[in-house]
Amino acid sequence: MNGITSKRLDDIFLENGWVITTPDRRNHYHKEKRIVLDSQGNFGTGYHETTKDCLYFILKHDFSGLSVADIGAGSGVLSVAAALKRAKSIDTYDIQPVEREILYQCELNKVRPVNVFQSDLIMNKKRINKKYDWIFLNIGTQENIDILNAQRLLDCKDTTFILSGMLEWNYHRVETLFKDAGFYLEEKKQSNEWVTCVYKRIS
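Structure, rendered in C-alpha coordinates:
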(Lines of atoms letter the chains of each structure in order from A and count residues from 1; the text may use other names and numbers.)
(Lines give C-alpha, C1' and ligand atoms only; values in the text may rest on other atoms or scores of the structure.)
Protein backbone atom coordinates (compact mmCIF):
# COMPACT_ATOMS: atom_id res chain seq x y z
CA MET A 1 0.00 0.00 0.00
CA ASN A 2 2.74 2.42 -1.07
CA GLY A 3 4.42 1.91 2.32
CA ILE A 4 1.66 3.86 4.07
CA THR A 5 0.12 2.42 7.21
CA SER A 6 -3.67 2.37 7.40
CA LYS A 7 -5.57 3.76 10.36
CA ARG A 8 -8.87 2.06 11.09
CA LEU A 9 -11.83 4.42 10.79
CA ASP A 10 -15.57 3.94 10.92
CA ASP A 11 -17.59 4.88 7.85
CA ILE A 12 -18.91 8.44 7.93
CA PHE A 13 -22.35 9.08 6.51
CA LEU A 14 -22.76 12.64 5.26
CA GLU A 15 -26.03 14.56 5.11
CA ASN A 16 -26.30 14.57 1.33
CA GLY A 17 -26.17 10.80 0.84
CA TRP A 18 -22.42 10.52 0.42
CA VAL A 19 -20.23 8.28 2.58
CA ILE A 20 -16.57 8.42 3.53
CA THR A 21 -15.25 4.89 3.73
CA THR A 22 -11.96 2.99 3.85
CA PRO A 23 -10.28 1.05 1.03
CA ASP A 24 -11.31 -2.33 2.45
CA ARG A 25 -15.00 -1.31 2.58
CA ARG A 26 -15.25 0.69 -0.63
CA ASN A 27 -17.24 -2.01 -2.42
CA HIS A 28 -20.05 -1.71 0.13
CA TYR A 29 -21.12 1.61 -1.42
CA HIS A 30 -22.00 2.96 -4.84
CA LYS A 31 -19.00 4.70 -6.38
CA GLU A 32 -21.08 7.72 -7.42
CA LYS A 33 -21.63 8.69 -3.76
CA ARG A 34 -18.41 7.47 -2.17
CA ILE A 35 -15.16 9.02 -0.96
CA VAL A 36 -12.43 6.51 -0.13
CA LEU A 37 -10.08 7.80 2.57
CA ASP A 38 -7.08 6.13 4.15
CA SER A 39 -6.07 8.67 6.76
CA GLN A 40 -2.56 8.77 8.17
CA GLY A 41 -3.57 11.08 10.98
CA ASN A 42 -3.67 14.42 9.19
CA PHE A 43 -6.52 16.79 9.94
CA GLY A 44 -9.49 16.32 7.68
CA THR A 45 -10.52 12.72 8.18
CA GLY A 46 -14.20 13.61 7.93
CA TYR A 47 -15.00 13.14 11.60
CA HIS A 48 -14.71 16.80 12.52
CA GLU A 49 -17.75 19.02 12.07
CA THR A 50 -15.84 21.51 9.94
CA THR A 51 -14.80 18.87 7.41
CA LYS A 52 -18.32 17.43 7.20
CA ASP A 53 -19.85 20.86 6.65
CA CYS A 54 -17.30 21.82 3.98
CA LEU A 55 -18.09 18.55 2.22
CA TYR A 56 -21.80 19.32 2.48
CA PHE A 57 -21.29 22.46 0.38
CA ILE A 58 -18.71 20.98 -2.00
CA LEU A 59 -20.64 17.83 -2.85
CA LYS A 60 -23.80 19.67 -3.83
CA HIS A 61 -22.01 21.71 -6.50
CA ASP A 62 -20.82 20.80 -9.98
CA PHE A 63 -17.23 21.99 -10.39
CA SER A 64 -16.98 21.12 -14.09
CA GLY A 65 -14.50 23.45 -15.80
CA LEU A 66 -13.65 25.25 -12.56
CA SER A 67 -10.36 25.79 -10.71
CA VAL A 68 -10.06 25.15 -6.97
CA ALA A 69 -7.55 26.01 -4.24
CA ASP A 70 -7.68 23.94 -1.04
CA ILE A 71 -5.73 25.83 1.63
CA GLY A 72 -4.80 23.92 4.78
CA ALA A 73 -5.56 20.72 2.91
CA GLY A 74 -4.57 18.17 5.57
CA SER A 75 -5.59 14.73 4.30
CA GLY A 76 -6.83 16.25 1.04
CA VAL A 77 -10.42 15.05 1.46
CA LEU A 78 -11.88 18.38 0.29
CA SER A 79 -9.71 18.29 -2.82
CA VAL A 80 -10.76 14.71 -3.53
CA ALA A 81 -14.41 15.75 -3.18
CA ALA A 82 -13.92 18.61 -5.65
CA ALA A 83 -12.19 16.22 -8.05
CA LEU A 84 -15.07 13.77 -7.79
CA LYS A 85 -17.37 16.70 -8.65
CA ARG A 86 -15.32 17.23 -11.83
CA ALA A 87 -13.15 20.24 -10.97
CA LYS A 88 -10.85 21.09 -13.88
CA SER A 89 -7.79 21.90 -11.77
CA ILE A 90 -7.04 21.70 -8.04
CA ASP A 91 -4.11 23.19 -6.14
CA THR A 92 -3.62 22.22 -2.50
CA TYR A 93 -1.58 24.18 0.02
CA ASP A 94 -0.43 23.04 3.45
CA ILE A 95 2.31 24.02 5.87
CA GLN A 96 3.02 20.31 6.43
CA PRO A 97 4.57 17.81 3.96
CA VAL A 98 1.31 16.15 2.87
CA GLU A 99 1.97 15.54 -0.83
CA ARG A 100 2.46 11.77 -0.50
CA GLU A 101 -0.76 11.29 1.42
CA ILE A 102 -2.90 13.53 -0.79
CA LEU A 103 -1.69 11.89 -3.99
CA TYR A 104 -2.43 8.51 -2.41
CA GLN A 105 -6.00 9.63 -1.62
CA CYS A 106 -6.39 10.71 -5.26
CA GLU A 107 -5.20 7.29 -6.38
CA LEU A 108 -7.70 5.54 -4.09
CA ASN A 109 -10.54 7.58 -5.57
CA LYS A 110 -9.35 7.21 -9.17
CA VAL A 111 -9.25 10.96 -9.73
CA ARG A 112 -6.57 12.95 -11.51
CA PRO A 113 -3.72 13.88 -9.13
CA VAL A 114 -3.93 17.39 -7.70
CA ASN A 115 -1.05 19.86 -7.41
CA VAL A 116 0.37 19.92 -3.88
CA PHE A 117 2.39 22.85 -2.52
CA GLN A 118 4.05 22.95 0.90
CA SER A 119 4.13 26.54 2.06
CA ASP A 120 3.48 28.79 5.04
CA LEU A 121 1.06 31.19 3.38
CA ILE A 122 1.14 33.58 6.33
CA MET A 123 4.90 34.00 6.77
CA ASN A 124 5.97 33.30 3.18
CA LYS A 125 6.16 36.62 1.36
CA LYS A 126 5.66 34.91 -1.99
CA ARG A 127 2.02 35.33 -3.00
CA ILE A 128 -0.19 32.81 -4.75
CA ASN A 129 0.04 34.15 -8.27
CA LYS A 130 -3.13 32.55 -9.60
CA LYS A 131 -6.85 33.22 -9.64
CA TYR A 132 -9.28 30.48 -8.64
CA ASP A 133 -13.01 30.00 -9.15
CA TRP A 134 -13.31 28.47 -5.67
CA ILE A 135 -11.11 28.64 -2.58
CA PHE A 136 -11.55 26.33 0.42
CA LEU A 137 -10.03 27.58 3.67
CA ASN A 138 -10.62 25.38 6.72
CA ILE A 139 -8.07 26.11 9.45
CA GLY A 140 -9.20 28.48 12.20
CA THR A 141 -10.67 31.97 12.52
CA GLN A 142 -7.40 33.84 13.07
CA GLU A 143 -5.43 31.68 10.63
CA ASN A 144 -8.12 32.20 7.97
CA ILE A 145 -7.93 35.96 8.46
CA ASP A 146 -4.12 35.97 8.39
CA ILE A 147 -3.99 33.97 5.13
CA LEU A 148 -6.71 36.07 3.48
CA ASN A 149 -4.75 39.21 4.32
CA ALA A 150 -1.23 37.91 3.64
CA GLN A 151 -2.22 36.50 0.25
CA ARG A 152 -4.64 39.33 -0.57
CA LEU A 153 -7.22 36.71 -1.52
CA LEU A 154 -10.11 39.12 -1.11
CA ASP A 155 -8.84 40.94 -4.20
CA CYS A 156 -10.17 37.97 -6.20
CA LYS A 157 -13.28 39.40 -7.82
CA ASP A 158 -14.86 36.22 -9.19
CA THR A 159 -13.94 33.70 -6.49
CA THR A 160 -16.39 31.83 -4.29
CA PHE A 161 -15.03 31.01 -0.83
CA ILE A 162 -15.84 28.20 1.59
CA LEU A 163 -14.53 29.20 5.02
CA SER A 164 -14.57 26.90 8.04
CA GLY A 165 -12.69 26.09 11.24
CA MET A 166 -14.46 29.09 12.80
CA LEU A 167 -16.30 29.22 16.11
CA GLU A 168 -19.72 30.71 16.75
CA TRP A 169 -18.30 33.38 19.04
CA ASN A 170 -15.65 34.69 16.63
CA TYR A 171 -16.66 33.85 13.04
CA HIS A 172 -18.19 37.34 12.74
CA ARG A 173 -14.61 38.67 12.42
CA VAL A 174 -14.29 36.82 9.12
CA GLU A 175 -17.78 37.90 8.08
CA THR A 176 -16.87 41.54 8.65
CA LEU A 177 -13.72 41.11 6.57
CA PHE A 178 -15.70 39.70 3.63
CA LYS A 179 -18.46 42.28 3.91
CA ASP A 180 -15.95 45.13 3.87
CA ALA A 181 -14.36 43.61 0.75
CA GLY A 182 -17.69 43.54 -1.12
CA PHE A 183 -18.75 39.94 -0.53
CA TYR A 184 -22.03 38.59 0.81
CA LEU A 185 -22.82 35.49 2.83
CA GLU A 186 -24.53 33.07 0.47
CA GLU A 187 -24.90 30.14 2.87
CA LYS A 188 -24.02 29.31 6.45
CA LYS A 189 -24.03 26.01 8.33
CA GLN A 190 -23.38 25.43 12.01
CA SER A 191 -22.63 22.11 13.71
CA ASN A 192 -22.27 22.42 17.47
CA GLU A 193 -20.04 25.48 17.96
CA TRP A 194 -18.39 25.24 14.53
CA VAL A 195 -19.44 27.56 11.70
CA THR A 196 -18.91 27.11 7.95
CA CYS A 197 -19.73 29.89 5.47
CA VAL A 198 -19.91 30.34 1.71
CA TYR A 199 -19.09 33.85 0.45
CA LYS A 200 -19.57 35.38 -2.99
CA ARG A 201 -18.77 38.84 -4.26
CA ILE A 202 -21.72 41.19 -4.69
CA SER A 203 -22.23 41.63 -8.46
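Residue numbers for the sequence shown follow this note's numbering, beginning at 24 and rising by one.
Idealized CB from N, CA, C, for every residue including glycine.
Proximity of residue i and residue j at Cβ, strictly below 8 Å
i, j, result
"A105", "V91", "yes"
"L187", "D76", "First, the amino acid is wrong: residue 187 is Ser here, not Leu. Yes."
"L37", "Y79", "yes"
"V42", "D33", "no"
Anticipated Cβ contact below 8 Å, residue i with residue j, distance rounded
i, j, result
"E124", "S214", "In fact, because the Cβ distance is near 25 Å, the residues do not count as touching under 8 Å."
"F206", "K223", "6 Å"
"G168", "L144", "The amino acid at residue 168 is misidentified as Gly; the sequence shows Ile. Between L144 and I168 the Cβ distance is about 12 Å, and since that is not below 8 Å, they are no contact."
"N193", "T164", "5 Å"
"R150", "R109", "Between R109 and R150 the Cβ distance is about 28 Å, and since that is not below 8 Å, they are no contact."
Cβ shell of residue i (< 6 Å), same chain only, five flanking positions each side left out
i, result
"D93", "L101, S102, T115, F159"
"F66", "A caution first: F66 carries a pLDDT of 49, below 50, which makes its placement in the model unreliable, though a value can still be read off. Closer than 6 Å at Cβ, skipping near neighbours: G97."
"P136", "L126, C129"
"T183", "W157, K223"
"Q141", "P120"
"I185", "C77, F80, F159, V221"
First and last residue of the uninterrupted alpha helix (DSSP H) at residue i
i, result
"A104", "100-107"
"E216", "Looking at the DSSP string, E216 is not in any alpha helix (DSSP H), and its letter there is neither H nor E."
Rounded C-alpha distance that separates residue i from residue j
i, j, result
"E209", "F201", "11 Å"
"D178", "A204", "8 Å"
"L190", "I162", "11 Å"
"V197", "H51", "40 Å"
"G40", "K56", "7 Å"
"V218", "K83", "18 Å"
"H53", "K212", "27 Å"
"M146", "G99", "22 Å"
"E166", "R48", "35 Å"
Cutoff 8 Å; reference residue i; Cβ partners in own chain excluding five residues on either side
i, result
"K111", "F86, S87, G88, L89, S90"
Opening and closing residue of the beta strand (DSSP E) in which residue i lies
i, result
"Q141", "138-141"
"V59", "57-59"
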